[in-house]
Structure formats: C-alpha cells, structure tokens
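Asks: Residue numbers (our numbering), protein chains in the order written: chain E, 6 to 348; chain R, 47 to 465.
Where is the CB? At the ideal position from N, CA and C, for every residue including glycine.
Structure provided below as structure tokens; questions to follow.
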Amino acid sequence: MTELQAGRASETLSAPRIETRSFRSRYRDILVALVAFAVLAALPFFFGSKALLDFVIRCSAFGLFATSLNLLVGYTGMISFGHGMFFGLGAYGFGLLMQRTGVPIPVAFVATLAITAVFAAIIGAICVRLKEIYFAFVTLAFQMLIHSTILTWASLTGGDQGLRGGIPRPVFLGIDLANHVHLYITSCALLVLGLLLMRQIAQSPFGYTLRMIRDNARRASFIGIDVWRAKLTIFVLAALFASTGGMVMALFVSGAYPEFAYWTISGEGIFINMLGGVTTFLGPMVGTVLLLILNDTVTRFTEYHGIVLGLVILFFAIGLRKGLMDYLLEWYAQRRDGRGERG
Amino acid sequence: MKRTRQPGISRRATLALMGAGAVTIAAPWVARAQAKTIKIGMPTILSGRVAQLGTSSRNAVLLEVEKVNAAGGLAGRQIEMVIRDSKGQPQEAARIARELVNTDGCEMLFDGEASSGSFAVHEVARDLGVLCIHTCSEASSLTADPKQHIPNAFRCVRQGIHDSIVGGSYAAAIAKTKGLKKWATCSPDYAYGRDTTGEFSLYLKRFAPDVEIISESWPKLFQPDYTEVVTKILQAKPQALYTCLWGGDLTSYIDQANIYALFTQMEVFAVNMADYTALTVVKNLPKGIHSGNRYIKTFPKTPENAAWGDAYRAKYNEYPTNWSWQNATAVMLLTEAVKKANSTDGKKVAEALRGLTIKCPFGADGTVTMRGEDNTLVGYAIGWGTTIPQEPYVPEVKAGDWKTIFELEAEWKKSKGYT
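Okay, structure coming up:
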C-alpha cells in the first residue's frame with residue numbers, strides 16, 4: 006500500500022468518528038448557550054441592581070463586536086483597524102430606520118443587517134485583496150471615511166450631535182424594549198445567539214479553511230481554495246455581528262453618535278482581543294468583561310484611568326505576552342501534562 | 047515535598063468573593079439609607095483635549111456647593127457631588143449617568159457634557175425621569191427643538207443662536223461704520239462651527255444687507271497647522287473675518303496668523319476670544335479683536351461678578367471659564383428652586399425651576415431666568431467688545447439687547463419648524 010493509499014484508508018476509517026465528535030460538540034455548544042442564556046435571563050429575578058443589567062447589556066454590545074473582530078484577527082489573520090465602522094453602521098442604520106420609517110423593530114433589525122452586508126461587501130471587495138499592514142490601513146481609511154460622512158451629512162445623521170430625540174421602540178411580539186428588563190433579555194438573547202452562530206462558523210469546515218488561510222494563504226490557494234472569496238465572506242459575516250453589537254448599543258443609549266464609528270472603537274476592539282486572547286473562542290468575551298470592569302471601576306476612582314489601562318496593556322503585552330484566556334489555557338495544559346508525566 | 051492542596055478556589059477566596067458580591071448588591075440600599083445628604087451626579091469630561099471643560103465646571107460647582115452646604119444645604123440636606131469622567135464618549139456619558147442614579151443613589155443630575163454627550167444624558171433623563179440640568183452644551187436644538195423637550199430637563203447654558211443674534215447685530219453696526227463689505231469666515235468643520243457661522247452670517251446680512259461673504263474656510267477640529275487657511279484668507283483680501291474657533295484651536299490659529307500679520311490687514315470677529323482660557327494662552331494677543339463675552343470678570347461690570355471671579359481664582363489659582371459661570375448658575379438656580387418648592391423631590395423642584403428668576407452675578411440686569419416655555423436659561427450677560435493684550439483684556443463690552451434676541455429667536459424657531 007502506498008503512503009497516499011494509507012492516508013486515504015485512515016481518512017475513511019476516522020471520518021465517521023470526526024463527524025460524531027463534531028455532531029456532539031455542536032449539541033454541546035447549543036446546550037452551553039441555552040444554559041448561559043437561562044443563567045443570564047434569571048439574573049434580574051435574583052439581583053435588583055439595574056447597574057448589573059446595564060453592565061450585561063454593554064457586555065453584549067461590545068462582546069459581539071469584539072468576538073466578530075476575532076473572526077478576522079484570530080481565525081483569519083486579517084488585522085482590521087476599521088471594524089468599528091460596522092458597529093457605527095449598525096447603530097446609525099437601526100436608529101435612522103426606527104426614527105424615520107417607523108417600521109417594526111424586527112424589520113429594522115433585518116434591514117440594518119442587509120445595509121451592513123452591502124457596505125461590507127463593497128468595502129471588503131477592495132480591502133481583502135491587500136495583505137497585513139495595507140489591509141489594516143485601508144480598513145482604517147474606510148472607517149474614517151464613514152466617520153467623516155456621518156459628521157458632515159448633518160441633515161441625515163445630526164452631525165457631531167448624533168441622532169437625537171431617542172429611538173422609538175414600538176412593542177413587537179409582546180416585547181417592549183423601552184422596558185429595562187425586556188431590553189436586557191433581548192440583548193442577552195442576541196449575544197448568546199450571536200456567539201453560538203460565530204462558534205458554528207469557527208468550528209465549521211469554512212472555519213478551518215480560514216485558519217489555513219491565516220497560517221499559509223498561498224498553500225490554501227494552491228490546494229484550490231478561493232482565498233479572496235473566503236476572506237470576503239468572513240469579512241461580511243464579521244461585519245454583521247459587529248452591526249448587531251452596534252444596534253444593541255444604540256438601544257442602550259437610545260441614540261447613535263459619531264464616536265460609535267470612530268477609530269477608537271476599533272482600537273477598543275483590538276485592546277479587548279489582546280486582553281482576552283485570540284486563540285480561544287471565548288477570549289474576546291472574557292476580554293470584554295475584563296475591560297468593562299476595569300473601565301467602570303477605574304473611572305470611579307481616578308480621572309487618570311488612561312495610565313491605569315496603559316499599565317494593564319503593558320502587563321499583558323510585555324508581561325504575559327498573550328491574552329488572559331491564552332495564558333490560562335497554556336497554564337492548564339502545562340499543569341495537565343506535568344501531572345500526566347508524574348502519574 | 048509534594049503539595050497536598052487541591053486545585054480550585056480556596057475557602058478564603060470564596061469568602062472574599064461572597065463578601066464582594068454582597069457589597070455590590072447592597073450598595074444601592076446603603077446609598078438610599080444615607081438619605082440625609084442629597085447626592086447630585088455629574089458626568090463630565092475630565093480627560094483628553096477638552097478636559098478643561100470638566101475641571102473648570104467641577105471647580106465652579108464645588109465652589110458654590112460649599113457655600114450652599116455652609117448655609118445649611120438643600121432643604122436641610124447637605125449636597126454631595128459625585129463627579130465622573132465620561133472621556134467625552136456619549137456611551138460612557140449615558141452609562142455613567144445611569145450608574146449615578148441607579149447605583150450611587152443620586153437624586154439629580156448635572157450634565158457637564160458637551161455636544162453629543164449631552165444628548166445621550168438627555169435620553170437617560172427621559173428614560174429615568176430624574177431631574178437633569180445641562181450645564182455645558184450650547185447646541186440650541188437641545189431645548190429649542192420640541193422633540194427634545196422633557197419636563198424634567200433644563201439647560202443652564204448660553205446658546206449658539208443668542209450669540210449669533212448679538213454678534214450679527216454688533217458686527218453689522220461696525221461694518222456700516224467702517225464700510226466692511228467683503229467678509230471671510232473660518233470656523234471648525236463640525237456642526238457647531240457650521241451652524242454658528244451660518245447663523246452669524248444670516249444676522250450680519252440681515253442688519254447690514256450689502257455685506258458679502260467672499261471666502262469660507264473650514265479647518266478640521268483640533269487641526270495643528272493653519273498655514274493654508276491663513277494664506278487662503280490673505281489671498282482673498284477680505285475687509286473682515288469671522289471665526290468661531292475656540293480653545294486651543296483659536297489660540298494656535300492666532301499665534302500662526304500673527305506670523306502673517308493677518309490682524310493688521312482686516313477686522314477680526316472671534317466670538318470665543320473673550321474667555322480667559324484663550325486670552326491668557328495666546329503669546330501675542332493682538333489689540334482690537336472683536337469678541338463675544340464668554341466669561342470675563344469685568345462683564346457685567348458689577349462688584350458681585352468681580353468678587354465671584356476673584357474668589358474662584360483665589361481658590362483654584364486659575365481664571366474661571368465660560369463653563370464655570372454656567373455651572374455656578376446651575377447650583378444657584380437649583381438652590382432657589384428647592385427653597386421655593388420647600389422640598390428636594392425632583393418633580394417639585396422641576397416645577398419650581400420652570401420660569402424661576404433669581405439674582406445672579408452673571409445676569410444682564412443682575413438676574414437670570416429659567417424660561418418656562420422651553421426650560422432654558424435667558425437673561426444672562428451677553429455682549430461684544432474689543433481686546434487689549436493685558437488685563438482686563440476686554441475693557442468695554444457692548445451689551446446685547448435681550449428684547450431683540452427674543453424677537454429674532456422666535457423668528458428663528460419658526461423658520462426651523464420648532465414652533
């Protein structure tokens with residue numbers, strides 16, 4: 006038997022096992038998502054703190070945004086400095102649709118996703134051909150273009166004062182988003198569903214194609230993968246999740262502001278990924294929780310929060326040289342191996 | 047020796063976590079239990095390029111609160127200010143405003159945010175129904191637009207439209223006297239710059255119809271280099287220049303324009319010049335720049351205003367800003383409203399604030415009024431004068447006429463579809 010034949014034989018043998026595993030892990034993911042949603046949904050019944058609910062709503066917005074950025078940075082190796090533009094597009098698209106057209110919330114939600122997809126497809130078609138630093142800077146340029154458009158198109162966007170007058174929230178399917186608890190539950194549902202979908206993308210054959218592109222795009226291209234199409238697809242998909250994050254934020258603040266589409270939002274996304282780690286799926290979510298806790302506690306005590314947050318970045322970048330989840334995972338693996346050797 | 051401790055969370059750590067959790071959950075109840083003091087929350091900008099907005103607002107509020115507390119507080123309750131930095135981000139401003147009310151137990155809000163942040167806090171006030179006084183945002187639409195109106199939010203700030211009316215009539219008078227027909231404008235490229243310049247031009251042309259704007263420049267906000275703007279204006283050869291650049295942008299512009307001797311070649315009208323933040327920072331302040339008053343202790347020329355400016359300077363070793371007088375006025379108005387309502391209940395205080403006139407060092411006639419129809423401050427000292435390079439910087443200020451302001455403001459509201 007040649008090596009090739011042997012390889013094929015082992016492939017046929019192991020294929021059903023892999024399938025069963027991925028089938029099982031998919032069900033495990035859904036189960037974890039359901040449990041997480043149940044726990045989050047139960048929180049308001051045990052804790053009366055509105056600040057806690059606000060915190061989780063903000064975590065949903067930034068968590069969706071940061072995890073979607075990780076689909077680009079961690080899984081595909083595309084470091085986008087302009088991902089915040091889709092966060093802003095989501096907030097403005099949703100806010101404007103609700104204020105100007107008065108359509109039901111689900112319609113505005115889907116329409117905003119459609120608008121984002123069109124923008125992302127056009128911008129992505131130009132950007133994803135570029136590599137590394139060029140990709141990063143052209144995405145940043147597009148972000149600044151969108152930000153400038155928001156600032157100057159004052160008759161539509163309200164310019165630097167943002168969308169004023171609040172976002173109307175008509176009741177749909179018995180859900181009243183003007184009610185704090187309803188908004189909280191909806192945000193949690195969007196977060197959990199978003200994370201679950203992103204997890205499925207990451208664990209699918211397409212997700213592994215992305216990893217291959219990240220590790221060696223030329224090799225992927227040689228074995229017949231259309232790298233440009235795969236990159237464009239993930240660019241658009243990531244934009245949709247970032248846009249959903251923007252919509253959650255728009256609902257939370259009942260408005261949309263140019264700062265949502267500014268480069269600092271993209272910077273925060275990258276910082277969150279650095280903090281939480283990019284090699285695990287939940288790294289950005291952990292990073293989001295960490296950053297928001299840090300931000301909320303540090304700003305309570307000092308206005309020199311920039312120094313504190315800077316020191317934290319330095320600690321992770323120079324001290325740990327990786328995100329928290331990456332570090333913990335490595336530490337756990339070492340510990341397990343060490344125990345295995347002793348045993 | 048091998049360690050016998052099992053991996054996992056230790057008992058001590060568990061207890062510490064439980065304790066921290068209990069404190070977090072109990073915090074709102076503890077806050078409410080200490081109801082003898084009244085907490086007023088204030089999100090503002092304490093870091094970044096416009097940190098002076100927040101610090102000078104905070105200074106003024108604390109200066110006034112100290113006086114109120116020494117006099118017995120608000121209806122017998124001592125005021126405790128809880129002031130936090132929003133970094134100028136609207137989502138942070140909204141988050142902090144909610145946190146101040148929901149977690150820290152603040153019963154009222156002073157919104158020390160500029161521009162978009164103030165609209166974010168306004169939405170929080172709408173949502174939570176808490177009494178809110180805006181103390182920094184000059185955007186006219188915040189209170190002029192009826193869609194924004196909520197009964198529990200007030201604005202204790204000068205307004206862009208008032209400045210434009212007074213500036214337009216003042217500039218037109220000078221244009222007629224000196225025959226200034228060709229004008230140029232140079233203002234920051236964002237909503238405030240474009241709106242204020244548009245309104246100023248409108249009123250300038252209304253009072254002096256033969257005026258023509260021959261050149262417009264829109265430098266970016268926080269632009270470091272103004273060379274191309276300055277040379278563009280010089281090439282256009284206007285007889286007068288209007289600018290609403292402010293703060294560091296205005297001082298950089300003046301320093302750079304001085305190199306080209308721009309100020310000797312045309313009359314300059316800079317609405318935001320007469321504020322100590324700009325006056326004291328410019329290296330060579332040209333004589334004869336026309337400016338609207340922001341805050342100077344010589345206008346209104348009263349002992350009360352001078353004393354307030356001196357007290358502020360003595361306490362903080364710096365001059366007060368335009369934001370300072372506005373925040374101080376907010377405390378004064380609130381104090382009088384609480385006295386009138388004889389209660390610190392937000393709804394009753396809001397009712398008392400509506401239409402309230404108080405004695406105030408910053409009033410055009412010694413009083414200011416919280417106008418009832420749109421919950422906004424009127425009657426404050428507003429005027430224009432020319433600069434000199436040393437104290438008192440703007441020796442003579444020509445006061446604006448509030449009767450004309452009211453008439454033209456009503457017209458403006460109608461044209462915008464606000465009434």
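Is there at least one Cβ from chain E nearer than 9 angstroms to residue 235 of chain R's Cβ?
Replies: Closer than 9 angstroms to some Cβ of chain E, the Cβ of residue 235 of chain R qualifies, so yes.
Asks: List the endpoints of the continuous beta strand (DSSP E) containing residue 403 of chain R.
Replies: Run containing residue 403 of chain R: 403-405, per the beta strand (DSSP E) assignment.
Asks: Any contact between the segment 109-119 of chain R and the segment 128-144 of chain R? By contact I mean 3 or more CB pairs, one from each, below 8 angstroms.
Replies: Flag = no, the segment 109-119 of chain R and the segment 128-144 of chain R do not touch.
Asks: Over the uninterrupted beta strand (DSSP E) stretch that includes residue 337 of chain R, give me the two end residues.
Replies: Start and end: 336-341.
Asks: Along chain R, which residues have their Cβ under 7 angstroms away from the Cβ of residue 56 of chain E?
Replies: What residue 56 of chain E touches in chain R: 145, 148 and 149.
Asks: Taking only runs of the beta strand (DSSP E) that begin and end inside the segment 317-374 of chain R, which ones reach a length of at least 3 residues, in chain order?
Replies: Runs found: 336-341.
Asks: Using a cut-off of 7 angstroms between C-beta atoms, extract the partners of residue 165 of chain R located in chain E.
Replies: Within chain E, the residues near residue 165 of chain R are 166, 167, 169 and 260.
Asks: Answer yes or no: does any C-beta atom of chain E fall closer than 9 angstroms to that of residue 238 of chain R?
Replies: For residue 238 of chain R, the answer is yes, since a Cβ of chain E falls inside 9 angstroms of its Cβ.
Asks: With residue 58 of chain E and residue 185 of chain E assumed to form a contact (beta carbons below 8 angstroms), what rounded beta-carbon distance in angstroms separates them?
Replies: That belief holds up - the Cβ atoms of residue 58 of chain E and residue 185 of chain E are roughly 6 angstroms apart, short of 8 angstroms.
Asks: Pick out the complete alpha helix (DSSP H) segments inside the segment 117-149 of chain R, 4 residues or longer, and give them in chain order.
Replies: If we require 4 residues or more, the alpha helix (DSSP H) runs fully inside the segment 117-149 of chain R come out as 136-148.
Asks: Is it true that the CB of residue 271 of chain E sits closer than 9 angstroms to the CB of residue 87 of chain E?
Replies: Contact: yes.
Asks: Note down the Cα distance separating residue 69 of chain E from residue 180 of chain E, rounded to an integer number of angstroms.
Replies: Spanning the two alpha carbons is a distance of roughly 22 angstroms.
Asks: Which residues, in chain order, does the segment 41-66 of chain E contribute to contact with chain R at a C-beta distance below 7 angstroms?
Replies: Against chain R - using a Cβ distance shorter than 7 angstroms - the residues of the segment 41-66 of chain E are 52, 54, 55, 56, 59 and 63.
Asks: Compare the Cα-Cα distances from residue 287 of chain R to each of R:269, R:325 and R:227 and report the closest residue.
Replies: Checked all of R:269, R:325 and R:227; the closest Cα to residue 287 of chain R is R:227.
Asks: Ordered along the chain, which non-local residues of its own chain (more than five positions away) have a Cβ less than 6 angstroms from that of residue 50 of chain R?
Replies: Note that residue 50 of chain R has pLDDT 46, beneath the 50 cutoff, so the model's placement of it is unreliable and the number below is only indicative. Nothing meets the Cβ criterion.
Asks: Can you tell me the Cα-Cα spacing of residue 394 of chain R and residue 291 of chain E, whole angstroms?
Replies: Roughly 45 angstroms between the two C-alpha positions.
Asks: From residue 173 of chain E to residue 177 of chain R, what distance separates their C-alpha atoms?
Replies: Cα-Cα distance, rounded: 22 angstroms.
Asks: Does chain R have any CB closer than 9 angstroms to the CB of residue 295 of chain E?
Replies: It does not: the Cβ of residue 295 of chain E has no partner Cβ on chain R nearer than 9 angstroms.
Asks: Helix, strand or coil for residue 183 of chain E per DSSP?
Replies: Residue 183 of chain E: coil per DSSP, three-state reduction.
Asks: Using a Cβ-Cβ distance under 9 angstroms, would residue 39 of chain R count as near chain E?
Replies: Within the shown structure, residues of chain R are numbered from 47 to 465, placing residue 39 of chain R beyond reach of any answer.
Asks: Quick test of the definition: if touching needs 3 or more C-beta pairs under 8 angstroms, does the segment 411-422 of chain R touch the segment 299-306 of chain R?
Replies: No, the segment 411-422 of chain R does not touch the segment 299-306 of chain R.
Asks: Is the beta carbon of residue 278 of chain E less than 9 angstroms from the beta carbon of residue 95 of chain E?
Replies: No, they are not a contact pair.
Asks: Assuming contact is defined by CB atoms lying nearer than 9 angstroms, are residue 195 of chain E and residue 65 of chain E in contact in what I supplied?
Replies: Going by C-beta atoms, residue 195 of chain E is nearer than 9 angstroms to residue 65 of chain E.
Asks: Answer with yes or no whether the minimum CB distance from residue 136 of chain R to chain E is below 9 angstroms.
Replies: Judged by the 9 angstroms Cβ criterion, residue 136 of chain R is in contact with chain E.
Asks: Can you pull the chain R neighbours of residue 254 of chain E, defined as C-beta to C-beta under 9 angstroms?
Replies: Here the neighbours are 137.
Asks: Skipping 5 residues on each side, what residues in its chain have a beta carbon closer than 8 angstroms to that of residue 263 of chain E?
Replies: Excluding sequence neighbours, residue 263 of chain E sits near 93, 152, 155, 156, 162, 164, 165 and 167.
Asks: Indicate whether residue 197 of chain E and residue 42 of chain E have their beta-carbon atoms separated by less than 9 angstroms.
Replies: Yes, they are a contact pair.
Asks: Taking CB distances under 9 angstroms as the criterion, tell me whether residue 187 of chain R reaches chain E.
Replies: It does: the Cβ of residue 187 of chain R has a partner Cβ on chain E nearer than 9 angstroms.
Asks: Regarding residue 257 of chain R and the ligand FAD, is the C-beta to nearest heavy atom distance less than 8 angstroms?
Replies: Looking for the ligand FAD in the displayed structure turns up nothing, as the structure carries no ligands at all.
Asks: Step through the CB atoms of chain R and report whether any lies within less than 9 angstroms of the CB of residue 309 of chain E.
Replies: Taking Cβ atoms only, chain R reaches closer than 9 angstroms to residue 309 of chain E, which makes this a yes.
Asks: How far does the beta strand (DSSP E) with residue 180 of chain R in it extend, from its first residue to its last?
Replies: Run containing residue 180 of chain R: 177-180, per the beta strand (DSSP E) assignment.
Asks: With a threshold of 9 angstroms between beta carbons, is residue 130 of chain R in contact with chain E?
Replies: It does; some Cβ of chain E falls within 9 angstroms.
Asks: Quick check: is the beta carbon of residue 92 of chain R nearer than 9 angstroms to any beta carbon in chain E?
Replies: Yes, residue 92 of chain R lies at the interface with chain E (some Cβ there is under 9 angstroms from its Cβ).
Asks: Can you tell me the Cα-Cα spacing of residue 244 of chain R and residue 158 of chain R, whole angstroms?
Replies: Their backbone Cα atoms lie some 26 angstroms apart in a straight line.
Asks: Do residue 249 of chain R and residue 220 of chain R have their beta-carbon atoms positioned less than 9 angstroms apart in this structure?
Replies: No, the pair does not count as a contact, with Cβ atoms beyond the cut-off.
Asks: Have a look at E:47, E:31, E:90 and E:145 and flag the residue whose alpha-carbon is nearest the alpha-carbon of residue 245 of chain E.
Replies: For the residues E:47, E:31, E:90 and E:145, the minimum Cα distance to residue 245 of chain E belongs to E:90.
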